[in-house]
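For reference, the structure discussed in these notes is given below.
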Amino acid sequence: MDVKWGALGQVFVVSLAVSVAVVVVFSLGVMALSARRSVREHHGDGGSGAVVAATLCFTACAAVVLYGLYLIVPQFH
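Residues in the sequence shown are numbered consecutively from 68, following my numbering.
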């Protein structure tokens with residue numbers, strides 16, 4: 068059996084990079100929701116911009132997860 072170490076290394080690097088990116092985007096979404104709460108407490112405002120930002124962040128995370136599932140499950144192809 069021959070292991071293609073270069074391909075394995077590429078998979079590792081891409082997986083690590085995408086994992087870190089998803090965690091960062093999810094954290095930004097949580098921060099946006101936290102900012103919404105802070106804005107509402109201090110200004111009485113709805114903080115709708117923060118809700119939009121959080122929704123975009125969480126939607127991006129869900130899209131990456133669904134794309135990963137699409138790549139893994141052969142019945143989806």
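All C-beta atoms in this analysis are idealised placements derived from N, C-alpha and C, irrespective of residue type, glycine included.
Beta-carbon separation of residue i and residue j under 7 Å?
| i | j | result |
| --- | --- | --- |
| V81 | A127 | no |
| F143 | Y137 | yes |
| A88 | R103 | no |
Count the other CB atoms, across all protein chains shown, that sit within 10 Å of the CB of residue i; report buried if there are 16 or more and exposed otherwise.
| i | result |
| --- | --- |
| A99 | buried |
| G114 | buried |
Please classify residue i: does DSSP put it in a helix, a strand, or coil?
| i | result |
| --- | --- |
| M98 | helix |
| G114 | coil |
| F140 | Checking the displayed sequence, the identity of residue 140 turns out to be Val instead of Phe. Note: V140 maps to coil in three-state DSSP. |
| L81 | Residue 81 is actually Val in this sequence, not Leu. V81 falls in the helix class under three-state DSSP. |
| V70 | coil |
Determine the closest residue to residue i out of the options, with distance taken between C-alpha atoms.
| i | options | result |
| --- | --- | --- |
| S94 | G76, G114, A121 | A121 |
| G96 | Q77, G73, F125 | F125 |
Is the beta carbon of residue i within less than 6 Å of some heavy atom of the ligand SAM?
| i | result |
| --- | --- |
| V132 | In the structure on display, the ligand SAM does not appear, and there are no ligands present to speak of. |
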